[in-house]
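Protein chains: 2
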Amino acid sequence: MQELLSPKQVAASIGVSESSLKRWCDQGVITTEKTPGGHRRIRIREVVRFLREQSHPLVSPEALGLPVGAGRRVATLESSREALLASLEAGDHAATRRVVLDHYLAGEGVLGLCERLLAPTLHTIGDRWVCGATEVYQERRACESINRVLFELRSYLPAPSPDAPAAMGGSPTGDHYRLATLMVEVVLAEEGWDATSLGSSLPFATMATAAVRHQPQLFWLSVSHVHDIEELRGGFNEFLETTTPTMPVVVGGREARAVVGASLNPRVHIGANLTSLLEIARGVHPIAKATPPRGH
Amino acid sequence: MQELLSPKQVAASIGVSESSLKRWCDQGVITTEKTPGGHRRIRIREVVRFLREQSHPLVSPEALGLPVGAGRRVATLESSREALLASLEAGDHAATRRVVLDHYLAGEGVLGLCERLLAPTLHTIGDRWVCGATEVYQERRACESINRVLFELRSYLPAPSPDAPAAMGGSPTGDHYRLATLMVEVVLAEEGWDATSLGSSLPFATMATAAVRHQPQLFWLSVSHVHDIEELRGGFNEFLETTTPTMPVVVGGREARAVVGASLNPRVHIGANLTSLLEIARGVHPIAKATPPRGH
DNA sequence: GTCGACTCGGGTAATTCGGGTC
DNA sequence: AATGTCCGAATTACCCGAGTCG
């Protein structure tokens with residue numbers, strides 16, 4: 008485990024000389040820590056950020072604990088779906104991680120990754136499961152793998168600023184699909200929110216309690232699977248009644264419309280996908296993007 | 008908790024060599040006490056102050072009650088349970104991570120962490136949930152947090168060697184408790200196995216398919232919650248019949264005995280806890296410890 | 001008092017620093 | 001303007017026999 012890297016390691020991994028790296032550090036392109044003796048120490052997160060911003064190739068990723076081969080030039084997200092599907096069904100987490108991180112290092116955002124790569128592929132696996140081409144265990148294992156990658160991606164995001172608006176959400180009782188709400192969390196975190204997923208299969212009552220206690224500026228609800236639509240609607244309405252009337256609620260997922268119905272309640276929004284959810288979030292509370300440290 | 012730390016503990020917890028730490032102490036960058044025999048003893052406050060000045064990762068500024076480090080003896084894992092419970096219930100992931108990682112960096116293994124810190128604390132949360140002191144969302148959020156930490160811990164483990172024996176497992180239909188099977192996975196991985204958790208709420212039929220396809224040298228089954236005991240036993244017996252007769256199966260979790268019953272099948276073992284599971288795994292396939300991963 | 005684990009101090013090899021030059 | 005290479009001084013990491021801790 009190595010949180011801090013030496014200039015030599017970083018230089019080797021991105022394929023430049025130590026001098027260049029040191030210059031970049033001194034110019035502020037890469038922020039560094041210093042030991043008491045004045046030696047530079049670089050966080051992996053900083054290296055990842057630099058690679059993404061500069062679209063710099065990564066020649067020796069293993070030095071950073073990144074998957075071998077990561078950082079190559081890659082084609083479109085859509086063209087990687089096939090490879091991702093294969094690695095997920097084979098249970099090859101290393102390959103899965105490589106596919107995803109390739110695109111991330113190439114500058115793709117978490118939003119794009121989720122919406123155009125991860126979600127469609129998971130959807131395909133779901134379809135193949137229904138028609139018998141994929142085993143249940145493969146589907147579950149794929150979800151574990153994606154879960155792991157999403158955690159890793161989040162670890163590269165900067166910590167939310169102290170004045171970041173808070174968002175919270177989860178999926179209701181009977182809906183055990185954790186990835187949807189996790190994707191929402193990470194996408195909002197990328198946008199600068201202090202987002203917390205409460206998990207899946209949550210009774211509305213406890214979500215309401217959480218919302219009342221923490222008073223988030225946004226609450227999301229992810230509904231992928233419905234057991235009893237009447238119960239769900241009832242619970243949702245009670246949730247709306249027991250929480251702060253000014254708190255906006257975004258409902259997303261495959262069954263979002265079924266839950267919301269024809270409700271005209273202005274605080275309830277439908278987030279058909281992550282992009283529209285993000286637009287709603289921006290409308291609720293725009294976050295000024297911190298200007299990159301250097302005007303370039 | 009101990010107020011005075013040894014150089015070794017401090018060096019490990021901040022990721023520098025003991026030599027550097029000692030040099031910094033002698034230079035006055037870090038003030039120390041001395042034992043009558045001349046050994047250095049460092050106050051927690053000093054460590055925290057130093058880390059804050061250096062913007063060093065892995066420890067946060069807030070000092071009070073910081074369960075940093077571990078005595079090398081006695082029940083320090085046990086004494087951290089309270090702090091962990093508090094951070095989990097508050098949803099403070101940073102604090103949760105710190106508690107766990109401090110022990111890990113002080114040399115505690117994943118096994119000890121799971122068995123003596125994580126599992127007992129989660130159990131406490133479960134109890135408090137039953138008696139109404141804890142909300143469902145707090146329990147779920149705590150699980151998410153622990154899940155995240157376990158993924159992080161696993162990422163620090165060396166990759167399994169190519170000839171590592173494979174292990175596989177999961178929890179059966181209706182049991183949505185993912186952490187138990189995840190803990191098994193990470194503990195086995197720490198021991199050198201190529202362990203893969205298939206996830207939770209898996210039909211026995213698909214677990215059998217996975218076992219037949221991948222032919223692991225060990226299969227584990229984690230049973231924390233039972234819906235229909237007859238169905239479970241039936242499924243388990245069918246699982247035994249359809250998989251390789253030589254493949255050992257370890258059943259663990261709160262309801263392990265209920266599933267196995269009075270079975271005398273020699274390939275079925277009861278893993279009352281992670282420690283006994285590990286002993287069984289060692290009996291099945293002892294792994295020669297490779298040279299310990301050099302911390303560089 | 002025994003004993004294993006830890007620490008001391010000092011020596012040595014490997015890195016890194018900053019700067020100058022190509 | 002930017003990068004790569006070279007250099008002496010300083011810093012850090014690793015090693016080991018003797019002494020200390022609990």
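Protein sequences, first through last, are from chains A and B. Per the working numbering, the very first residue in the first sequence carries number 8; after that it's consecutive. Per the working numbering, the very first residue in the second sequence carries number 8; after that it's consecutive. Note that beta-carbon positions come from the ideal geometry of N, C-alpha and C, so glycine has one too. Since we're looking at a predicted model, the values are computed, not measured.
With respect to the 8 angstroms criterion, B:R50 and B:K41 are not classified as neighbours on the basis of their beta carbons. Rounded to whole angstroms, A:V193 and B:A166 show a C-alpha spacing of 26 angstroms. A residue is called buried once 16 or more other Cβ atoms fall within 10 Å of its Cβ, and A:G241, having fewer, is exposed. Taking C-beta atoms under 8 angstroms as the contact rule, A:G206 and B:C150 qualify, at a distance of about 7 angstroms.
At a cut-off of 8 angstroms, the C-beta of B:T213 has a neighbouring C-beta in chain A.
For the region 272–299 of chain A, the continuous beta strand (DSSP E) assignments of 3+ residues that do not extend past its boundaries occur at 275–278, in sequence order. Between B:T216 and B:M175, the C-beta gap is not smaller than 8 angstroms, which leaves the two residues out of contact.
Listed along chain A, no residue sits closer than 8 angstroms to B:V137 by beta-carbon distance, the nearest being about 14 angstroms off.
Within a 10 Å sphere around the beta-carbon of A:S62 sit fewer than 16 other beta-carbons, which makes this residue exposed. The C-beta distance from B:L195 to B:A288 rounds to 6 angstroms, short enough to fall under 8 angstroms. The distance from the Cβ of A:V291 to that of A:G278 is about 12 angstroms, inconsistent with a contact at the 8 angstroms cut-off. Counting C-beta atoms within 10 angstroms of its own C-beta, A:I236 has fewer than 16 neighbours from the protein chains shown and is therefore classed as exposed. Residue burial is scored here from C-beta neighbours: A:T128 has at least 16 other C-beta atoms within 10 angstroms and is therefore classed as buried.
Within the region 150–168 of chain A, C150, E151, R155 and F158 place their CB atoms closer than 7 angstroms to a CB of chain B, listed in sequence order. DSSP places B:S27 in the uninterrupted alpha helix (DSSP H) bounded by E25 to Q34. One thing to note: A:V233 has its Cβ within 8 angstroms of the Cβ of A:A265.
Taking the beta carbon of A:H183 as reference, the chain B residues within 8 angstroms of it are H183 and S208, listed in sequence order. Every alpha helix (DSSP H) of 4 residues or more that sits fully in the region 118–153 of chain A is shown, in chain order, as 126–137.
Boundaries of the beta strand (DSSP E) around A:L228: L225 to S229. By the Cβ-count criterion, A:V137 is exposed, with fewer than 16 other Cβ atoms from all chains shown falling within 10 Å of its own Cβ. Look at A:S20 here: in three-state DSSP terms it is helix.
Counting every other CB atom within 10 Å of its CB across the protein chains shown gives A:Q34 a total below 16, marking it as exposed. The alpha carbon of B:A101 has as its nearest neighbour, out of A:A97, A:H130, A:E146 and A:S162, the alpha carbon of A:S162. Between B:P255 and B:H276 a beta carbon distance of about 7 angstroms is seen, short of the 8 angstroms cut, so the two are scored as contacting. The beta carbon of B:G290 does not come within 8 angstroms of any beta carbon belonging to chain A, so the residue lies off that interface. Listed in chain order, the beta strand (DSSP E) runs fully inside the region 168–226 of chain B are 173–177 and 201–204, counting runs of at least 3 residues. Look at A:L228: its C-beta is not under 8 angstroms from any C-beta on chain B.
With a cutoff of 8 angstroms on beta-carbon distance, A:L247 and A:N272 are scored as near each other.
Within the region 12–33 of chain B, those residues whose Cβ lies closer than 9 angstroms to any Cβ of chain A are, in chain order, G22, V23, S27, R30 and W31. The beta carbon of A:A217 falls within 8 angstroms of a beta carbon belonging to chain B, placing the residue at that interface. The closest CA to that of A:T38, considering only A:E25, A:G44 and A:R52, is found on A:R52.
Contact between A:S283 and A:E262 does not hold, since their C-beta atoms are separated by about 16 angstroms, which reaches or exceeds 8 angstroms.
In the structure shown, the three-state DSSP call for B:G242 is helix. By the 16-neighbour rule on beta-carbons within 10 angstroms, B:A171 is buried. When the beta-carbon positions are compared, A:L112 and A:L58 come within less than 8 angstroms of each other. For A:I51, the enclosing alpha helix (DSSP H) has its first and last residue at I51 to Q61.
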